[in-house]
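A.B. asks:
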Amino acid sequence: MLKLLCRIVTVICTFAATAAHTETLTLGSVNDNVRKHVLRFTPLAAYLEDALREHGVTSVEILVLPSSDAMARALSEGRVDLFFDSPLVAAKVARQVGAIPFLRRWKRGVAEYHSVILVPDASPIQSLGDLTGRKIGFQEPDSTSGFLLPAGMISREGLRLTRLNDRSELPPGDALGYVFTGDDENTVLWLARGWIDAGATDPRGFEILEAARPGEYRALARSIDVPRQVVVRRAEMDPALSDIVAHTLIGMAETPEGLEVMQQFHETSQFDQFPDGVPATFAPIYDLLDELRALGIEY
Amino acid sequence: MHATDQNVGRRGLSHRLALTFSCLIGVIVACAVLLNSITQIELVNERLQARSEHLRQLASELSMRFLIEGRPAELEVLFDDIGAQDDVVRIFLIDESGSMFAESGYEDDGGFLQVVDDPLAKEARQEGNLIERIVGHERHIAAPIILGGIEYGVLRIDLSKTIAEKEIFQVMRKNIIAGILFILTGLATSWMVARRMTRPLNQLTAATERAADGDLDQVIHVDTRDEFASLAASFNVMLAKLRESMRKTEVTAYRDKLVKFGNRAWISRQLPLQLETARDQNGELAVLFLDLDGFKEINDVHGHHEGDNLLAKFADRLLQTVINSGLNVYSIQDSFGRKADPFGKDVSIARRGGDEFTLVVAHTHAVALAQKIVASMKDPYETGNLSLSVTASIGIATFPQHADNVDDLIKCSDVAMYQAKAAGRNCWRLYDVDNHQDEIGRRELGSEIREGITKNQFVVFLQPQFNVLTGKVSGAEALLRWEHPTRGLVPPDNFLPIARTMGIMPDIGRLAFKQSIQIAREIQRTWSEPFTLAINVSVVELSRASYVDELVTHLEFAALPKKFIEIEITEETAMILSDDIGPRIEKLRETGVRLAIDDFGVGYSNLGRLKEMAFDTLKVDRSLTKGLGSDPGEEDLMLAIFNMASAMKAEVIAEGIETSAQLRFLEENACQFYQGYLGGKPMPVNDFMAFLEQQATVPRLAVG
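Note that the protein sequences, when read in sequence, are chains A and B. Here the first sequence is numbered in the numbering used here, starting from -3 and rising by one per residue. Here the second sequence is numbered in the numbering used here, starting from 1010 and rising by one per residue.
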């Protein structure tokens, strides 16, 4: 608890600072629940602090910000050194401030994942095109699997997406109306309650629904695979330190202590380099983001 | 009562009070602790109840919005925070379809949307009310979430009772510790209060015990200003009265009623105290043992009344002698007020009994005082019409030279007194350790005399008396002998003086008289010639009327011929005969006995007194017969005695006749009878009887 309090104090102090210190490594994350995320990051920060002390890093701090835009500013201002998030959000922020995708983070043993659009099994909707005039639930604008991937996939099918103010609003007949549920769980619930005709979630959301309502829902479409999680580093970060950090994170899978810390860090399985390289991995993501922007879909 | 028992008894009330107080305090504290514990436990439970109710209401309020809007993810964040609290085990919400809507636990969303089979939730839903259950150490709450009459779900909260139980345990522990401290404090307080309450009682008890042990001079102080103080005051008054009463009693008990000195009990109490003082101060003191010479005879002759008068006069003179010696008489009254100063001028005087007195005096004054006392005795004491002369024998023993304890000191002074008597009386003697053994032997002999009386070891020997003219046996004198089992035949000179001082002469005399009467009867049966059996009777015996009556009875019972028995009294006895004894002799003579004056010529005689007695025989002492036949002067004296006897119409028996010249003088001068070794020594009765038979056949002893 004392350590946690120290961390929180450090976060506040760091938030007020205007320039990063070379001795301090700051880990960043985007989430509304600051406390929950600080708790998740604390074991990793402590581990890195111990591991990097011999390399001149005197402390590792955590900075949780409410939006990707805020994170972009923090990266550009040097207040965050490493940013952890889903690949499309990470790609968006990286491209905004010139940050560099750094490592891939496995979650729950999964290196890559995708988005899946679910509909009731009894629904007449058989293809994405059948969604016209319907209502779909997305998670939130910064969600890779809950919005960016499915929205891109739907857009490529030529469907027009239009945002509804709330779930009670009826969609226009020539477009697919969408509402943000706020969370994959909400999306699944809304779909189960029939408040929406389809819902976009990650594969785990589908698994939860399948467990609760076996056979009652089916996957209408699945997006491309993208890394499960991504670590982005600040462009100005010392390359030597960057390499040491990368080496340290990748090496965590080789020790029991490292495995335990990763498990506590949102069920992380391991860190690794992008197998196909950063350009090959992120080119489709950047394309997707461009398409969405071209269609006027804000994210 | 044993000392320990007394202490136990004395502390018993204190212990019982302390125990009672302790029990009361213990019960009260236990009840207080119990009530306090129950109250605090109820408060804890009420607080927990209030908290659980507050938690339920808060969760219900929070859940309503997310439940209606279908936002379990946000609700789970709140539930995670609630579930993170120590006493919350689990919180979850079941929607109206019975599916899991939201559940605490960061990553645990495995049950989301699944149908929940929760009996408590079902019961709450059926009842439409809050349901609570205690399951093990947990409190399970199920509360339906209802808005506008529509049920949206059931909130379930599982609360741990462990914290509450810990809190209750701590409450109990604090209460018990406080209770124990209270009880310990109560015990200590009880003990002190009980002690304080019973202290005056214990003081009174101790004072009573001291008073029982003789300490009546104490004053009890009790400052309680209550009933105990009143009791103590009454006790002090009682002690004062008891002191006065005890002193009067002690004065009465310790004062000799005749001479006003202390008695034997007083001196027995004083002497140890003075010895203790002497021992502590390395001092020396002396005990004077005083015995009046011849007092017994005076008592016997003149009666106890005169004897008592004499003692009183003597005591006055003794007191005056002490005062005139510059010394101070330490009285009984003095002994209640102060300790005697045995090294100063204090003289403690006590009458031990009879004519015995004890004086305790400083060692340096002892001899001078003894001398003055002896000197003071030379003047006779005038009692009524009598003028009695008496002397004193004083024995002196000193501490620590002669003895270091009371008994031995008294014994040594007693021995010294007998040494003074042995030295001729009317003198004082310092204790002589060398003579002590003789005295012890003398006392042993005295006890053996008593034993000899009971065992009939005293026998009568007979010495024949002869008719001078015929040479025939005319009679005999009964003489007592002691056939001692180890000492052999003991002559009377060796035991009669001791028997006389022991006051057992009448016992011996009675024995001798009875034997003599029996012998007389036997002689009377076998001897036809005139015969007289002379029996000695002492003045002590004659002074007792009952004894004389006894002799008369024996004589009358024997029915002997008149003149067959002759009673011999010494010349000395005859001279001091009182008015009482004369009639008793007459009473004896009325039975037909003769009267003889024995040992004539040894003492002084009052011829007038002799004439009054009308005796029958005058026995001339051997000291006057020794020179007969050889000493003309002694012969002239004897002739004068013959003439005097003739004038008094008395016969003469010359004692100590051992030679023919003595006998010839008797024959030539017409003396009637003689007694002595010439005729025969004292012999046992059987020998005497044989001697008589022989005399019957033998012709008259030829003189010449």
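Glycine is no exception: its CB is placed at the ideal position from the N, C-alpha and C atoms. Here the structure is a predicted model, which is why all the values come from computation and not from measurement.
For S141/A, which three-state DSSP category applies?
C.D. replies: For the purposes of this step, residue 141/A is identified with residue 145 of the first sequence, where counting begins at 1. If DSSP states are grouped into helix, strand and coil, S141/A belongs with the helices.
A.B. asks: Identify the continuous beta strand (DSSP E) that holds D1696/B and give its terminal residues.
C.D. replies: Locating residue 1696/B in the second sequence gives position 687, counting from the first residue. No beta strand (DSSP E) contains D1696/B, which is instead part of the alpha helix (DSSP H) from V1694 to T1706.
A.B. asks: Below 8 Å between beta carbons: does that hold for V227/A and R104/A?
C.D. replies: By one-based count along the first sequence, residue 227/A stands at place 231. By one-based count along the first sequence, residue 104/A stands at place 108. No, the pair does not count as a contact, with Cβ atoms beyond the cut-off.
A.B. asks: Please return the same chain residues whose Cβ sits closer than 8 Å to the Cβ of E1667/B, not counting the five positions on each side in sequence.
C.D. replies: As a working note, residue 1667/B is residue 658 in the second sequence. Result list for E1667/B: G1685, Y1686 and L1687, in chain order.
A.B. asks: Can you pull the chain B neighbours of K131/A, defined as C-beta to C-beta under 9 Å?
C.D. replies: Taking the first sequence and counting its residues from 1, the one referred to as residue 131/A is at position 135. Within chain B, no residue comes near K131/A; the closest Cβ sits about 14 Å away, beyond 9 Å.
A.B. asks: May I ask which residues mark the beginning and end of the beta strand (DSSP E) holding Q1527/B?
C.D. replies: The residue labelled residue 1527/B in the question sits at position 518 within the second sequence. Q1527/B -> not in any beta strand (DSSP E); alpha helix (DSSP H) instead, spanning M1514 to T1535.
A.B. asks: Is it buried or exposed for K131/A, if we count other Cβ within 10 angstroms and need 16 for buried?
C.D. replies: Reading the first sequence from its first residue, position 135 is the one you call residue 131/A. Label assigned to K131/A: buried.
A.B. asks: Is A1130/B close to chain A? Criterion is C-beta to C-beta, closer than 8 Å.
C.D. replies: Residue numbering aside, residue 1130/B sits at position 121 when the second sequence is read from its first letter. Answer no: the Cβ-Cβ gap between A1130/B and chain A never drops below 8 Å.
A.B. asks: Exposed or buried, E1083/B, counting other C-beta atoms within 10 Å across all chains shown (16 or more means buried)?
C.D. replies: In the second sequence, the residue the question calls residue 1083/B occupies position 74. Looking at its Cβ environment, which holds 16 or more other Cβ atoms inside 10 Å, E1083/B is buried.
A.B. asks: According to DSSP, which residues form a beta bridge with F1467/B?
C.D. replies: As a working mapping, residue 1467/B is identified with position 458 in the second sequence. Its beta-bridge partners are W1491/B.
A.B. asks: Under 8 Å: do the region 215 to 231 of chain A and the region 67 to 78 of chain A share three or more Cβ pairs, one atom per stretch?
C.D. replies: Yes: at least three Cβ pairs fall under 8 Å.
A.B. asks: In the region 1058 to 1084 of chain B, which residues sit with their C-beta less than 7 Å from some C-beta in chain A, listed in chain order?
C.D. replies: If the cut-off is 7 Å between Cβ atoms, the region 1058 to 1084 of chain B has G1079, R1080, P1081, A1082 and E1083 near chain A.
A.B. asks: Roughly how many angstroms lie between the CA atoms of D1222/B and A1216/B, to the nearest whole one?
C.D. replies: Residue 1222/B sits at position 213 when you count from the first residue of the second sequence. Residue 1216/B sits at position 207 when you count from the first residue of the second sequence. If you take the alpha carbons of D1222/B and A1216/B, they lie about 10 Å apart.
A.B. asks: Output yes or no for whether 8 Å exceeds the beta carbon distance between K1628/B and D1608/B.
C.D. replies: Taking the second sequence and counting its residues from 1, the one referred to as residue 1628/B is at position 619. Taking the second sequence and counting its residues from 1, the one referred to as residue 1608/B is at position 599. Closer than 8 Å, so yes.
A.B. asks: Does the distance from the C-beta atom of L1648/B to that of N1678/B stay below 8 Å?
C.D. replies: As a working mapping, residue 1648/B is identified with position 639 in the second sequence. As a working mapping, residue 1678/B is identified with position 669 in the second sequence. In contact: L1648/B and N1678/B (Cβ atoms closer than 8 Å).
A.B. asks: Taking the continuous alpha helix (DSSP H) assigned at F1345/B, which residues delimit it?
C.D. replies: Stepping through the second sequence from its first residue, residue 1345/B is reached at position 336. Unbroken alpha helix (DSSP H) run through F1345/B: I1341 to G1346.
A.B. asks: In or out: I1662/B buried (at least 16 other Cβ within 10 Å) or exposed?
C.D. replies: Counted from its first residue, the second sequence places residue 1662/B at position 653. Buried.
A.B. asks: Bridge partners for T1286/B per DSSP, in chain order?
C.D. replies: Here residue 1286/B is taken as the residue at index 277 of the second sequence, counted from 1. For T1286/B, which the question treats as bridged, DSSP gives no partner whatsoever.
A.B. asks: Would W186/A pass as an interface residue toward chain B - the criterion being a Cβ-Cβ separation below 8 Å?
C.D. replies: Your numbering for residue 186/A matches position 190 in the first sequence. Output row for W186/A: interface = yes.
A.B. asks: Between the alpha carbons of G133/A and T183/A, how many angstroms are there, rounded?
C.D. replies: By one-based count along the first sequence, residue 133/A stands at place 137. By one-based count along the first sequence, residue 183/A stands at place 187. One C-alpha to the other measures close to 6 Å.
A.B. asks: If I measure Cβ to Cβ from D1516/B and keep anything under 7 Å in the same chain, skipping five residues before and after, which residues do I get?
C.D. replies: Position 507 of the second sequence, counted from the first residue, corresponds to residue 1516/B. If we look at D1516/B and ignore the five residues flanking it on each side, its Cβ neighbours are I1462.
A.B. asks: Excluding five sequence neighbours on each side, which residues of the same chain lie with their C-beta closer than 7 Å to the C-beta of R1264/B?
C.D. replies: Taking the first residue of the second sequence as 1, we reach residue 1264/B at position 255. Closer than 7 Å at Cβ, skipping near neighbours: G1271, N1272 and I1341.
A.B. asks: Measure the CB-CB distance between V1369/B and Q1283/B and report whether it falls below 8 Å.
C.D. replies: Translated into positions along the second sequence, residue 1369/B becomes position 360. Translated into positions along the second sequence, residue 1283/B becomes position 274. Yes, the Cβ-Cβ distance between V1369/B and Q1283/B is below 8 Å.
A.B. asks: Could one say the Cβ of K103/A lies closer than 8 Å to chain B's Cβ atoms, at least one of them?
C.D. replies: Position 107 of the first sequence, counted from the first residue, corresponds to residue 103/A. No, no contact with chain B.
A.B. asks: For the beta strand (DSSP E) that G1092/B lies in, which residues bound it at each end?
C.D. replies: Within the second sequence, the letter at position 83 stands for residue 1092/B. G1092/B -> not in any beta strand (DSSP E); alpha helix (DSSP H) instead, spanning P1081 to G1092.
A.B. asks: Return yes when the Cβ of E1550/B is within less than 8 Å of the Cβ of M1511/B, no when it is not.
C.D. replies: Locating residue 1511/B in the second sequence gives position 502, where the first residue counts as 1. Locating residue 1550/B in the second sequence gives position 541, where the first residue counts as 1. Their beta carbons are not under 8 Å apart, which means M1511/B does not touch E1550/B by this criterion.
A.B. asks: Helix, strand or coil for T1743/B, going by three-state DSSP, please let me know.
C.D. replies: Residue numbering for chain B in the displayed model covers 1010 to 1713; residue 1743/B lies beyond these limits and cannot be assessed.
A.B. asks: Can you tell which of G1642/B, A1623/B and D1364/B has its C-alpha closest to the C-alpha of G1591/B?
C.D. replies: As a working mapping, residue 1591/B is identified with position 582 in the second sequence. Selected option, being the one with the closest Cα: A1623/B.
A.B. asks: With which residues is E108/A paired in a DSSP beta bridge?
C.D. replies: By 1-based counting over the first sequence, the position of residue 108/A is 112. Paired residue(s): P223/A.
A.B. asks: Which value, in whole angstroms, describes the spacing of the CA atoms of F1475/B and I1594/B?
C.D. replies: The residue given as residue 1475/B occupies position 466 in the second sequence. The residue given as residue 1594/B occupies position 585 in the second sequence. Straight-line Cα distance between these residues: approximately 26 Å.
A.B. asks: Go through its chain and collect everything with a Cβ distance to S1069/B's Cβ below 8 Å, but skip five positions before and after it.
C.D. replies: The residue labelled residue 1069/B in the question sits at position 60 within the second sequence. Contacts found: A1152, I1154 and L1164.
A.B. asks: Which of the three DSSP states, helix, strand or coil, is assigned to D179/A?
C.D. replies: Position 183 of the first sequence, counted from the first residue, corresponds to residue 179/A. DSSP places D179/A in coil when its eight states are reduced to three.
A.B. asks: Cα-Cα, which of E1448/B, D1413/B, I1166/B and V1415/B is closest to A1425/B?
C.D. replies: Indexing the second sequence from 1 puts residue 1425/B at position 416. Among E1448/B, D1413/B, I1166/B and V1415/B, the Cα nearest to that of A1425/B is on E1448/B.
A.B. asks: By the three-class DSSP mapping on this structure, what secondary structure does V1415/B have?
C.D. replies: Position 406 of the second sequence, counted from the first residue, corresponds to residue 1415/B. Three-state DSSP puts V1415/B in a helix.
A.B. asks: Closer than 8 Å by C-beta to S55/A: which residues in its own chain qualify, once you throw out the five before and the five after it? Chain order, please.
C.D. replies: Looking up residue 55/A in the first sequence gives position 59. Answer for S55/A: T6, E19, T20, L21 and E45, listed in chain order.
A.B. asks: When burial is assigned at 16 or more other CB atoms within 10 Å of the CB, is K1266/B buried or exposed?
C.D. replies: Working through the second sequence from its first residue, we reach residue 1266/B at position 257. That one is exposed.
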